[in-house]
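Undergrad:
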Amino acid sequence: MAECQSPPFLYGPANTASIKKCISDPRFNPFMLKAGFKSDELAFEFYLYNARLSKALLFPIHILEVSLRNAINDLFSSRYTAAWWRNPDFEILLNERSKIALGKAIASHRTFPSTDDLVASLTLDFWSNLFRTEYEPVLWRANLNRLFPNNTPAFDEIKNKIRDITHLRNRIAHHESILNLNIQDLIAKIYSVLELISTDTKAWVKAHSTVHVALRTSPSPKQEKNDLGSRCDSTFDKAQQSDRMQDIGLPTKRACIVVDENDEPTAIFDGRDLALFILTKSEDWCFLDFGAMTISDLISAIPATKDFKTARSTDSISTLSKIFKGTTRYVIVQDPNSALVGFIERAHKQY
Numbered sequence: 003m004a005e006c007q008s009p010p011f012l013y014g015p016a017n018t019a020s021i022k023k024c025i026s027d028p029r030f031n032p033f034m035l036k037a038g039f040k041s042d043e044l045a046f047e048f049y050l051y052n053a054r055l056s057k058a059l060l061f062p063i064h065i066l067e068v069s070l071r072n073a074i075n076d077l078f079s080s081r082y083t084a085a086w087w088r089n090p091d092f093e094i095l096l097n098e099r100s101k102i103a104l105g106k107a108i109a110s111h112r113t114f115p116s117t118d119d120l121v122a123s124l125t126l127d128f129w130s131n132l133f134r135t136e137y138e139p140v141l142w143r144a145n146l147n148r149l150f151p152n153n154t155p156a157f158d159e160i161k162n163k164i165r166d167i168t169h170l171r172n173r174i175a176h177h178e179s180i181l182n183l184n185i186q187d188l189i190a191k192i193y194s195v196l197e198l199i200s201t202d203t204k205a206w207v208k209a210h211s212t213v214h215v216a217l218r219t220s221p222s223p224k225q226e227k228n229d230l231g232s233r234c235d236s237t238f239d240k241a242q243q244s245d246r247m248q249d250i251g252l253p254t255k256r257a258c259i260v261v262d263e264n265d266e267p268t269a270i271f272d273g274r275d276l277a278l279f280i281l282t283k284s285e286d287w288c289f290l291d292f293g294a295m296t297i298s299d300l301i302s303a304i305p306a307t308k309d310f311k312t313a314r315s316t317d318s319i320s321t322l323s324k325i326f327k328g329t330t331r332y333v334i335v336q337d338p339n340s341a342l343v344g345f346i347e348r349a350h351k352q353y
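With the sequence shown counted from 1, adding 2 to any position gets you this note's numbering.
1. From residue 32 to residue 179, what does the alpha carbon distance come to, in whole angstroms?
2. Just to check my reading of the structure: residue 229 and residue 297 have Cβ atoms closer than 8 angstroms, yes? What is that Cβ distance to the nearest angstrom?
3. Let me confirm a value: residue 336 is counted as buried when at least 16 other C-beta atoms fall within 10 Å, else exposed. Which label applies?
4. On a CA-only basis, which of 222, 268, 232 and 142 is nearest residue 240? Give me that one, please.
5. Entirely within the stretch 181-214 and at least 3 residues each: give me those beta strand (DSSP E) ranges in chain order.
6. Please determine, among 202, 204, 299 and 22, the residue with the shortest C-alpha to C-alpha distance to residue 247.
7. For residue 113 and residue 84, which I take to be in contact (beta-carbon distance under 8 angstroms), what is that distance rounded to the nearest angstrom?
8. Report the rounded CA-to-CA distance for residue 201 versus residue 195, giving the unit in angstroms.
9. Quick one: complete alpha helix (DSSP H) runs, 4+ long, within the stretch 291-344?
10. Specify the secondary structure class of residue 279 as computed by DSSP and reduced to three states.
11. Within the continuous beta strand (DSSP E) that includes residue 240, where are the two ends?
12. What residue from 146, 295, 266 and 264 has the CA that sits closest to residue 279's CA?
13. Does the Cβ of residue 159 have 16 or more other Cβ atoms within 10 Å, making it buried, or fewer, making it exposed?
14. Whole angstroms is fine: what's the gap from residue 357's alpha carbon to residue 177's?
15. How far does the beta strand (DSSP E) with residue 403 in it reach, from first residue to last?
16. In chain order, what residues of the same chain have a beta carbon less than 6 angstroms from the beta carbon of residue 216, not counting five sequence neighbours either side?
17. Is DSSP giving residue 39 helix, strand or coil here?
18. With residue 15 as the anchor, note down where its alpha helix (DSSP H) starts and where it stops.
19. Within 10 Å of its beta-carbon, does residue 140 have 16 or more other beta-carbons around it, so buried, or fewer, so exposed?
20. Is it right to say residue 350 is buried, meaning 16 or more other beta carbons lie within 10 angstroms of its own, or is it exposed?
21. Alpha carbon to alpha carbon, how far is residue 184 from residue 222? Give it in angstroms, no decimals.
22. Between residue 312 and the rest of its own chain, which residues show a CB-CB distance below 8 angstroms, the 5 nearest in sequence each way excluded?
23. Out of 47, 283 and 234, which has the shortest C-alpha to C-alpha gap to residue 318?
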């Protein structure tokens with residue numbers, strides 16, 4: 003979800019305006035603010051990051067919500083009977099907000115619900131509201147240790163954690179930005195509450211959570227671009243094998259990329275290759291017209307001109323360590339439409 007597919011999405015004025023219209027300015031403005039109003043494209047990157055992070059958080063929040071409501075249901079069933087929600091001794095404890103939420107959940111069923119059905123239809127808001135301060139003396143003073151047998155927390159501690167987790171859950175459910183929240187702190191709170199209920203469940207969720215992976219994909223207005231397109235050398239000439247040597251742009255250009263009739267690279271050479279080519283003809287150089295010779299002649303004489311690989315401009319700079327294995331001298335960088343962007347030489351850069 004919200005991860006770059008192949009080929010990469012290319013932004014332009016038309017599709018940018020269309021996407022922003024669908025999202026709406028009020029929804030998109032927080033991401034423009036996060037991007038420092040530098041560019042729509044950077045704001046989209048923050049929007050997509052928000053979606054990835056929200057997706058990653060759904061699993062731990064989901065397990066927490068299910069675990070918490072089941073633990074509370076078990077507690078209430080043991081104290082107020084299995085149909086605790088119909089027990090007058092329980093109902094009298096509820097404030098108006100909780101009574102309304104319970105009534106809506108009951109009314110959502112065509113027939114009188116079972117306890118299991120009702121528990122499943124009550125939202126996290128209902129369960130978290132049971133941890134409001136007014137419920138501490140009537141519900142939790144005598145029961146908090148039964149709800150959290152592993153390590154009974156102070157009431158205010160668990161109240162604040164559940165409140166913050168519910169706030170996070172609601173922002174995700176309403177497709178709102180969570181980028182200004184302390185996600186590291188919130189995921190720690192989720193694990194903390196889960197551990198109070200079940201250490202095994204907490205360990206299971208933590209082992210399968212992808213929140214830490216999503217956090218590492220955060221864009222930054224200040225970060226240096228690490229894609230090949232932003233790091234390659236764009237001072238190159240382009241030619242075909244049939245072109246004459248005298249027409250190439252060396253030495254004003256750092257290299258010459260040779261392409262076929264489809265504009266696909268077939269070779270690359272620089273001034274050093276040209277000098278080596280001249281040396282191979284040193285015995286006859288007084289009688290040769292080098293300017294009239296073609297690039298094909300040079301390529302035939304210098305096989306190393308074909309020691310290159312191609313890569314996309316959107317690829318990460320970290321891919322170069324694999325690409326440069328073997329005898330590869332150059333990486334020729336192309337944009338997603340296969341147009342030439344530049345080149346990276348093995349000799350004068352390290353990765």
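The beta carbon of each residue, even a glycine, is placed where N, CA and C say it ideally should be. Please read all numbers here as calculations on a predicted model, not as lab measurements.
TA: The structure says:
1. Position 30 of the sequence shown, counted from the first residue, corresponds to residue 32. Position 177 of the sequence shown, counted from the first residue, corresponds to residue 179. The alpha-carbon atoms of residue 32 and residue 179 are separated by roughly 7 angstroms.
2. For the purposes of this step, residue 229 is identified with residue 227 of the sequence shown, where counting begins at 1. For the purposes of this step, residue 297 is identified with residue 295 of the sequence shown, where counting begins at 1. The pair is not a contact, with the Cβ atoms about 30 angstroms apart (cut-off 8 angstroms).
3. One-based indexing of the sequence shown puts residue 336 at position 334. Classification for residue 336: buried.
4. Taking the first residue of the sequence shown as position 1, residue 240 is located at position 238. The option with the nearest alpha carbon to residue 240 is 268.
5. List check, beta strand (DSSP E) in window: nothing returned.
6. Locating residue 247 in the sequence shown gives position 245, where the first residue counts as 1. Across the set 202, 204, 299 and 22, the C-alpha of 299 shows the shortest separation from the C-alpha of residue 247.
7. Stepping through the sequence shown from its first residue, residue 113 is reached at position 111. Stepping through the sequence shown from its first residue, residue 84 is reached at position 82. Wrong, their Cβ atoms sit about 17 angstroms apart, outside the cutoff.
8. For the purposes of this step, residue 201 is taken as the residue at position 199 of the sequence shown. For the purposes of this step, residue 195 is taken as the residue at position 193 of the sequence shown. Counting only the Cα atoms, residue 195 lies some 10 angstroms from residue 201.
9. Within the stretch 291-344, the complete alpha helix (DSSP H) segments at least 4 residues long are 297-303 and 322-325, listed from N- to C-terminus.
10. On the sequence shown, residue 279 is found 277 positions in, with the first residue counted as 1. In the structure shown, residue 279 sits in a helix (DSSP, three-state: H, G or I).
11. As a position in the sequence shown, residue 240 is number 238, starting the count at 1. Start and end: 238-241.
12. Position 277 of the sequence shown, counted from the first residue, corresponds to residue 279. Nearest in C-alpha terms to residue 279, of all of 146, 295, 266 and 264, is 295.
13. Locating residue 159 in the sequence shown gives position 157, counting from the first residue. Counting Cβ neighbours within 10 Å, residue 159 comes out exposed, since fewer than 16 surround it.
14. As displayed, the chain neither begins before 3 nor continues past 353, which places residue 357 out of reach and without an answer.
15. With the chain covering only 3 through 353, there is no way to say anything about residue 403.
16. By one-based count along the sequence shown, residue 216 stands at place 214. So the list reads 54, 55 and 58, once near-sequence residues are dropped.
17. Translated into positions along the sequence shown, residue 39 becomes position 37. Residue 39: coil per DSSP, three-state reduction.
18. Counting from one through the sequence shown, the residue named residue 15 turns up at place 13. Counting along the chain, the alpha helix (DSSP H) containing residue 15 begins and ends at 15-25.
19. To locate residue 140, count along the sequence shown from 1; it is residue 138. Residue 140 is exposed by the Cβ-count criterion.
20. As a working note, residue 350 is residue 348 in the sequence shown. Note that residue 350 has pLDDT 48, beneath the 50 cutoff, so the model's placement of it is unreliable and the number below is only indicative. Within a 10 Å sphere around the beta-carbon of residue 350 sit fewer than 16 other beta-carbons, which makes this residue exposed.
21. Along the sequence shown, read from residue 1 onward, the residue named residue 222 stands at position 220. Along the sequence shown, read from residue 1 onward, the residue named residue 184 stands at position 182. In this structure, the CA atom of residue 222 is about 16 angstroms from the CA atom of residue 184.
22. One-based indexing of the sequence shown puts residue 312 at position 310. Counting only Cβ-Cβ distances below 8 angstroms, and skipping sequence neighbours, we find 267, 333, 334, 335 and 336.
23. Taking the first residue of the sequence shown as position 1, residue 318 is located at position 316. Of the listed residues, the one whose Cα sits closest to residue 318 is 234.
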